[in-house]
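Asks: Numbering (my numbering), first residue to last: 1 to 226.
1) When every heavy atom of the ligand HEM is checked, does at least one fall within less than 8 Å of the C-beta of residue 173?
2) Suppose only complete runs of 3+ residues qualify. What are the beta strand (DSSP E) ranges in the stretch 40 to 109, listed by chain order?
3) Drop a sphere of 10 angstroms on the beta-carbon of residue 74, count the other beta-carbons inside from all chains shown, and report buried for 16 or more, exposed for fewer.
4) What residue range is occupied by the uninterrupted beta strand (DSSP E) comprising residue 10?
5) In this structure, does DSSP put residue 34 in helix, strand or coil?
6) Excluding five sequence neighbours on each side, which residues of the same chain lie with their C-beta closer than 7 Å to the C-beta of residue 49?
7) Closest to residue 84 by CA distance: which of 219, 69, 113, 100 is it?
8) With residue 177 as the anchor, note down where its alpha helix (DSSP H) starts and where it stops.
9) Give a yes or no on whether the C-beta atoms belonging to residue 86 and residue 199 are separated by under 9 Å.
10) Could you give the DSSP three-state label for residue 189: helix, strand or coil?
11) Would you list the one or two residues that DSSP bridges to residue 217?
12) By Cβ distance, which residues of its chain are closer than 6 Å to residue 90, with the 5 residues on each side in sequence left out?
13) Residues in the same chain with beta-carbon distance under 7 Å from residue 11, minus the five sequence neighbours each way, listed in chain order, please.
14) Would the beta-carbon of residue 46 fall within 9 Å of that of residue 25?
15) Just to confirm my understanding: we take residue 168, look at its own chain, exclude 5 residues before and 5 after, and list those with CB closer than 7 Å. What are they?
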């Protein structure tokens, strides 16, 4: 699927630069930890010049620049990859989401027009399929084992003003409604210990992840723009 433009937007979902949005960058761009990159990330596990994104025949192509720890797109190790809106790029401890919300929504509309609807999903190597779905496996995976370091739920702040309490309530209600919609739309296969979600649901989950990252960045740096 052709990207159709050379402007690039990447949102940082995780890593030291979590919540940062790099938008309307003109291809080609490079990403790495050194000054001189189009996107410089504070991540000691990525290479000085880690990857490049360039335009080729109306497509945006990601190339790993022989980095030490490699690059993954949608969980798959990647040397050379055509990027599609909604792809998740992982390098070092940093996770980036490719595309604006509108671009990702446009891709979903294109998939529906091609016959890949909400009931279909994204397979594990990030390509569209009518029969293979993205599976979130329950129990036993290394990814779930790695979440054991996540802290216990914190207590709500006390001594808030009425306005602050209302604002916090509105924020939590927004997140609750989005999470509830995703939970209710998942297809639970008990006999296989799997939950299957559609492409649209997966992209909505990534968008919520991005929104939370942006909130956390604003809280940590209240003087920053946005």
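Glycine included, every Cβ here is placed at the ideal spot set by N, Cα and C. Here the structure is a predicted model, which means the values were calculated and not measured.
Replies: Quick look at the numbers:
1) Because no ligand of any kind appears in the structure shown, any question about the ligand HEM cannot be addressed here.
2) Runs found: 51 to 56, 59 to 64, 71 to 73, 76 to 78, 80 to 82, 88 to 91, 94 to 98.
3) The count along the chain shown starts at 1 and reaches residue 74 at position 74. By the 10 Å Cβ count, residue 74 comes out buried.
4) Position 10 of the chain shown, counted from the start, is the residue given in the question as residue 10. For residue 10, the enclosing beta strand (DSSP E) starts and ends at 7 to 14.
5) Translated into the one-based positions of the chain shown, residue 34 becomes position 34. Coil at residue 34, not helix or strand.
6) Counting from one through the chain shown, the residue named residue 49 turns up at place 49. Around residue 49: 30, 32, 34, 37, 65.
7) Start at 1 with the first residue of the chain shown, and residue 84 comes out as number 84. Out of 219, 69, 113, 100, 100 has the C-alpha closest to the C-alpha of residue 84.
8) Your numbering for residue 177 matches position 177 in the chain shown. Taken as a continuous stretch (DSSP letters only), the alpha helix (DSSP H) holding residue 177 covers 162 to 185.
9) Position 86 of the chain shown, counting from 1, holds the residue named residue 86. Position 199 of the chain shown, counting from 1, holds the residue named residue 199. Yes, these two residues count as a Cβ contact at 9 Å.
10) Numbered from 1 along the chain shown, position 189 holds the residue referred to as residue 189. In the structure shown, residue 189 sits in a strand (DSSP, three-state: E or B).
11) By one-based count along the chain shown, residue 217 stands at place 217. When beta bridges are read from the DSSP output, residue 217 appears opposite no residue.
12) Locating residue 90 in the chain shown gives position 90, counting from the first residue. Within the same chain, residue 90 has close Cβ partners 72.
13) Here residue 11 corresponds to residue number 11 of the chain shown, with the count starting at 1. Apart from sequence neighbours up to five positions away, the residues of its chain that approach residue 11 with a beta-carbon distance below 7 Å are 21, 96, 97, 210, ordered along the chain.
14) What you label residue 46 is simply residue 46 of the chain shown in a count that begins at 1. What you label residue 25 is simply residue 25 of the chain shown in a count that begins at 1. In this structure, residue 25 does not lie closer than 9 Å to residue 46 by Cβ.
15) The residue labelled residue 168 in the question sits at position 168 within the chain shown. These residues qualify, in order along the chain: 160.
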